[in-house]
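With my numbering, letter number 89 in the sequence shown gets 89, and the count goes up by one each step, no holes.
Where is the CB? At the ideal position from N, CA and C, for every residue including glycine.
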Amino acid sequence: MKKKSLVLLLALSMIFTFVLGACGGGSDESSSDSDTLKVVTEATFAPFESTQDGDETIVGFDPDMMAAIAEDQGLKLEWVNMEFDSLIPALQSDQGDIICAGMNKLAGDRAEKVDFGDTYFESELMLLVTADSDLAGIDAVTSDMKLASQIGTTGGDMVQEMKDEGKIADGVVLNQWTDCYLQLKNGEVQGVVVDKPVGEAYLKSHGDEAKFAGDPFGDHEEFAFAVQKGNTELLEKLNTGLANIKANGTYDELVDKWFS
Ligand code: GLN
């Protein structure tokens, strides 16, 4: 008899625990998760976003700008690092809430897939070459040359287009900008097509081994954050926050901090 009541007690306690869990009676961790917005980025794009050697913390203009916007608008953010060409699919599959990655809102069909906010930075493409290169610029590239850039980006699309048109021998598209720079350094490619402010940041620490060749080219770029299609409420908050940090001088302080 005693054994039967013990088994019954155990069964009842298991059922109670299960019911408690199913009704959300567990930890309040899930509620904090639902309040926190996931910002997705690709963190080899210094000074917009990068990670320090061995440390996964993402630093740069974008995290600082978004932190200021979040404070202004009472938002909680967490950052997730992934490949650039996964960013838009992440929002489309509800794996992220915001893209902030130096993404050009004018490129291709991006604006059909996500909703971009107001422009927070303007840019253009440049050709990065080795310091001893005599390549005059993008228009001087010959069909025996190889150019590298990052997959899924405006630069990546350009080098692939040049390859398809027979203007270069190969358009090497890689997941990380750091790998593009390495290919240049190792002589695997004769140039890297990169966003001007990012190339400038690279040259600050590698000016002895690389330089820009020629003038800016490609389409004028407008960097903006993006939200899932239709999330106008969040987009309005982000745009309002951006306007406020521009009005109170925080934006200019961050530009000085990361681009001076
Ligand atoms: N500005 C380029 C684009 O939008 C590159 C962005 C990046 O590499 N993070 O495609």
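Under the DSSP assignment, D170 falls in the beta strand (DSSP E) whose first and last residues are D170 to L174. Between I99 and A201, the C-beta gap is not smaller than 7 Å, which leaves the two residues out of contact. When distances are taken from the beta-carbon of F45 to the heavy atoms of the ligand GLN, the shortest one is below 6 Å. With a cut-off of 6 Å, the C-beta of M82 is classified as distant from the ligand GLN, since no heavy atom of the ligand falls inside that distance. I138 and Y181 have their C-alpha atoms some 17 Å from each other.
Distances taken from the Cβ of N104 to the heavy atoms of the ligand GLN include one shorter than 6 Å. Annotation for D219: the continuous beta strand (DSSP E) segment containing it runs A210 to F223. Distance between F121 and A46, taken at the CA atoms: about 14 Å.
Boundaries of the alpha helix (DSSP H) around F259: T250 to F259.
Under the three-state reduction of DSSP, V194 is assigned to strand.
With contact defined as three or more Cβ pairs closer than 8 Å, the segment 70-84 and the segment 34-43 are in contact.
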